[in-house]
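The structure appears right after this line, and notes come after that.
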């Protein structure tokens, strides 16, 4: 059984090329991918272990099939006639491209709605927006500033809602990250260690939970004053301890946090909407750039990840473009994991004839 809450709180206290091709499954053709069924996606913690592993397996099947059998995969079109309304309060390269391309590859259509098209809760109430979009679409995807906005959309919509990013969570990124690690280390990540170095933001809130669900130990290293939300870290710690692992926090020594780790992850220090804090944040994060020292402290086969966009102060060119970086496969996997979520939320199947 899981350790008691007090114990969980105590727990709180060969390299891939960055341009490597995917490792394809063999002989998948003619087999049916076991696509899980979900009613939407707000955060990784809401997924059962079976749904979590099922989404990753489906993403791997999709990637393999589209590489190995592109014509046959493209011909399936399981989402033909399905539409997705994509609300973007915050711009994004990877989220917009991966979701629009993903819907296209599955035979569906994504409708991009910018702030000029939909001003959530401004010119029309959130309730009305959710109910109107539900009449036209099979799925609603929302990339928003406040998590409360996407929660209200989900509460009022009559179709599944996918959180494409909020100020608290980024579940699509976490799925892509774990998929990338499975490609590099193999599907069983049990006993591996993931170290986060940087801002305690929405990305690590979901990635900590995803890594814990995957059986990994998690270390979260943040400068003082930039810690991840403690209740969310406790939630992830409880999952980690239930699997015999741990989640620990580090606020003083980012290099030490990387000691003998298998994965080093960072993110932007100044997120969209924090531009007025940029000067202060850059001062406070001095000494937290991922560099050769940190990667040198990690295991020899350790990899580096970054969800992008990357800025030079966050990681050196030597690490970012080096042989231990998997940032570009990580970016690509945003496509395949979204496609798995799209199939799961629409209750569609995937089977290559």
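Residue numbers (my numbering): 11 to 363.
In this text, a Cβ means the ideal position worked out from N, Cα and C, and glycines have one as well.
Segment limits, alpha helix (DSSP H) that includes residue i
i	result
residue 343	337-355
residue 132	It is not in any alpha helix (DSSP H) - residue 132 carries neither H nor E in the DSSP assignment.
residue 276	From DSSP, residue 276 is part of no alpha helix (DSSP H) but of the beta strand (DSSP E) over 273-276.
residue 76	59-78
residue 289	288-294
residue 252	240-252
residue 266	264-267
residue 329	327-330
Element boundaries [beta strand (DSSP E), containing residue i]
i	result
residue 305	No beta strand (DSSP E) contains residue 305, which is instead part of the alpha helix (DSSP H) from 302-307.
residue 257	257-260
residue 96	93-98
residue 316	313-316
Cβ distance (whole Å) where residue i is taken to contact residue j below 8 Å
i	j	result
residue 99	residue 155	6 Å
residue 230	residue 201	About 18 Å separates the two Cβ atoms, so there is no contact after all.
residue 330	residue 274	Not confirmed; about 11 Å, so no contact.
residue 233	residue 268	With 8 Å as the limit, residue 233 and residue 268 do not qualify as a contact, their Cβ atoms being about 15 Å apart.
residue 199	residue 228	Residue 199 to residue 228, Cβ: 11 Å. No contact.
residue 136	residue 166	7 Å
residue 271	residue 204	7 Å
Residue i, buried or exposed, once every other Cβ within 10 Å from all chains shown has been counted against 16
i	result
residue 76	buried
residue 115	buried
residue 346	buried
residue 187	buried
residue 292	exposed
residue 299	buried
residue 133	exposed
residue 266	exposed
residue 153	buried
residue 139	buried
residue 174	buried
residue 183	buried
residue 62	buried
residue 125	exposed
residue 286	exposed
residue 31	Note that residue 31 scores a pLDDT of 47, beneath 50, so its modelled location is shaky and nothing firm can be said.
residue 92	buried
residue 337	buried
residue 47	exposed
residue 64	buried
Helix, strand or coil at residue i [DSSP, three-state]
i	result
residue 141	helix
residue 229	strand
residue 360	strand
residue 122	strand
residue 156	coil
residue 107	helix
residue 169	coil
residue 322	coil
residue 149	strand
residue 43	strand
residue 116	coil
residue 89	coil
Minimum Cβ-Cβ distance from residue i to chain C less than 7 Å
i	result
residue 229	Going by chain labels, chain C is absent from the structure shown, which holds only one protein chain.
beta-carbon residue i near the ligand HEM non-hydrogen atom, thresh 6 Å
i	result
residue 344	The ligand content of the structure shown is nil, which means the ligand HEM is not present either.
Continuous beta strand (DSSP E) assignments of at least 3 residues falling wholly in the stretch 174-237: 203-207 and 227-231
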